[in-house]
Ligand SMILES: [Zn+2]
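In our numbering, the protein residues as written are 25 to 533.
Structure below.
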């Protein structure tokens, strides 16, 4: 159950002829077609100061933001004490496999997410067109967009023979698949270069494929090749790909994840800013946690998973085996939510021996505490860094249910790293601009009515590393295309999520 904090919002009142039912949820034929959200403080997504304004919605659009009166037929929402913001756009979301079974996406809309960009880290649904058609046929509560996954197309072309550089004919076939995906509506190309399939690609393969996405106005979004000791080489590679392929670059979940690079955020920022000054369109997203979640093998960058000295260094680099929490291990589910260190002691093994055994037994999902707050704060303070969850439905990391409320509750209210309007901009207008969505990510007349109402005094994450799916507090109401999808701590039943597609139109370059 969700506690809603002290400022419980009164039920919708109705005025005038439509006299919408006072018992929520309302939807379908009986749903109000017009809303007036009154008395709230508007954070319009552009980063300016909060201001008191009424937001009127008619059908799926915002029709006014300002000193306007509710009109006859409006369902009136009292937003006193609340912030009214554009719906949050999560540029890095792993829910593509879950939406069919969980279209309500409660853990996502409970955070205020109204648009999820799926298919990150090089892994996407396929074919893109079929996936999007299914979302059109059975809409989710939130909007979706999708990237073409580099590893997905690489695997389609190379099958199991992917542990090598691709031949030119193979790159050409991958390029054709990327083109197909873009034509079917993808918004860009994603890569996961720290992972098994994508990691064997050389830079020129990525340039070739990113160039195809660029021709269709897509972006290149990358989980870069290394987020640890060689992170700086990996930043340079991502920037080079953008420069050579003439494509905007989004560095996914920017981080400095080993002892050797801790507190070097200023250098990473300087590298990105130098690229931006020479015209490369580089941006990044970050999740608000000092622990990452991935497969256990990414700890060992030289991929020698059974070579004790490599494993030993890997564990030292993240500060020790006590920083590695096993969250998924099919061969021994009893290890889950225990640290590598604790399980090793229990089994009378060294952490290195246990690591090698786990990889032999099929590998594991881990959450690894290996970043420092100084770097997270420095990244978040950059105007080109947005909020992205890297989570999704059923994620085994608290970011899956806590990212957006955590930024608002911890980084804005408690620690004052960011102002509230800045944080909202990082959740709305920045990702909208990155994806060239001109009618989302802002509260303005004419924009799509994806709207979040949250309580700035109570909004906070409640998911933890040991209990990662607990829903947050303080997100009071969420509208998607003018339809109520979240109301006072509960799903409201709306399923108005749209499919957002790229332009699919070949640029003249
Ligand atoms: Zn990633």
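Positions of the beta carbon are idealized from the N, C-alpha and C atoms, including for glycine. From a predicted model like this one, the values you see are computed outputs, not experimental measurements.
query                                                                                                                 : result
Coil, strand or helix - residue 244 by DSSP                                                                           : strand
Selection from 232, 117, 195 and 339 that minimises the alpha carbon distance to residue 425                          : 117
contact_flag[the segment 504 to 524, the segment 123 to 136] where n(CB pairs < 8 angstroms) is 3 or more             : yes
Cβ contact check for the segment 159 to 175 and the segment 211 to 231: 3 or more pairs under 8 angstroms             : yes
Own chain, CB closer than 6 angstroms to residue 47, minus 5 neighbours either side, in chain order                   : For residue 47, the predicted structure reports a pLDDT of 38, less than 50, and the residue's modelled location is therefore unreliable. The matter cannot be settled from this model.
Residue 317 versus residue 60: straight-line alpha-carbon distance, rounded                                           : 41 angstroms
Straight-line gap, residue 199 to residue 206 (C-alpha atoms, nearest Å)                                              : 10 angstroms
Distance between residue 458 and residue 527 (C-alpha atoms, nearest Å)                                               : 14 angstroms
Segment contact flag, the segment 417 to 437 with the segment 479 to 499, C-beta cutoff 8 angstroms, min 3 pairs      : yes
Straight-line Cα distance separating residue 88 from residue 308                                                      : 32 angstroms
Run of the alpha helix (DSSP H) containing residue 206, from where it starts to where it stops                        : 192 to 207
Bridge partners - residue 488, DSSP secondary structure assignment                                                    : Bridge partners of residue 488: none, in fact.
Buried versus exposed call for residue 284 [16 or more other C-beta atoms within 10 Å across all chains shown]        : exposed
Closest residue to residue 311 among 435, 108, 120 and 68 (Cα-Cα distance)                                            : 435
Sequence-distant residues of its chain with Cβ nearer than 7 angstroms to residue 129 (five each side left out)       : 119, 123, 164, 165, 166 and 417
DSSP state of residue 319 mapped onto helix, strand, coil                                                             : strand
Short Cβ contact (8 angstroms threshold) for residue 375 with residue 345                                             : yes
Heavy atom of ligand 1 within 7 angstroms of residue 120 beta-carbon                                                  : no
Ordered list of alpha helix (DSSP H) runs contained in the segment 397 to 458, each at least 4 residues               : 397 to 404, 423 to 430, 444 to 451 and 453 to 458
Cβ pair count under 8 angstroms reaching 3, the segment 385 to 403 against the segment 458 to 467                     : no
Collapsed DSSP secondary structure at residue 110 in the structure displayed                                          : strand
Cβ shell of residue 146 (< 6 angstroms), same chain only, five flanking positions each side left out                  : 173, 174, 175, 214, 215, 216 and 222
beta-carbon residue 414 near ligand 1 non-hydrogen atom, thresh 7 angstroms                                           : yes
Pair within 8 angstroms by beta-carbon distance, residue 352 and residue 389                                          : yes
C-beta contact flag for residue 138 and residue 105 at 8 angstroms                                                    : no
Check: residue 143 C-beta below 7 angstroms from any heavy atom of ligand 1                                           : no
Buried or exposed (CB count within 10 angstroms, at least 16 for buried), residue 298                                 : exposed
C-alpha distance - residue 51 paired with residue 503, whole-angstrom precision                                       : Reliability fails at residue 51, whose pLDDT of 47 lies under 50, so the model's placement of it is uncertain and the value that follows must be treated cautiously. Roughly 12 angstroms separates the two Cα atoms.
Buried versus exposed call for residue 80 [16 or more other C-beta atoms within 10 Å across all chains shown]         : buried
Inter-stretch contact (C-beta, 8 angstroms, three-pair minimum) for the segment 146 to 160 and the segment 249 to 257 : no
As assigned by DSSP and simplified to three states, the class of residue 540                                          : Outside the shown range of the chain (25 to 533) lies residue 540, about which nothing can therefore be said.
Residue 247 Cβ short of 7 angstroms to ligand 1 heavy atom set                                                        : yes
Counterpart residues of residue 173 in DSSP-defined beta bridges                                                      : 214
Assigned exposure category for residue 154 - 16 Cβ within 10 Å defines buried                                         : exposed
Through-space distance from residue 246 to residue 144, alpha-carbon basis                                            : 8 angstroms
Residue interval of the alpha helix (DSSP H) (run including residue 378)                                              : 375 to 384
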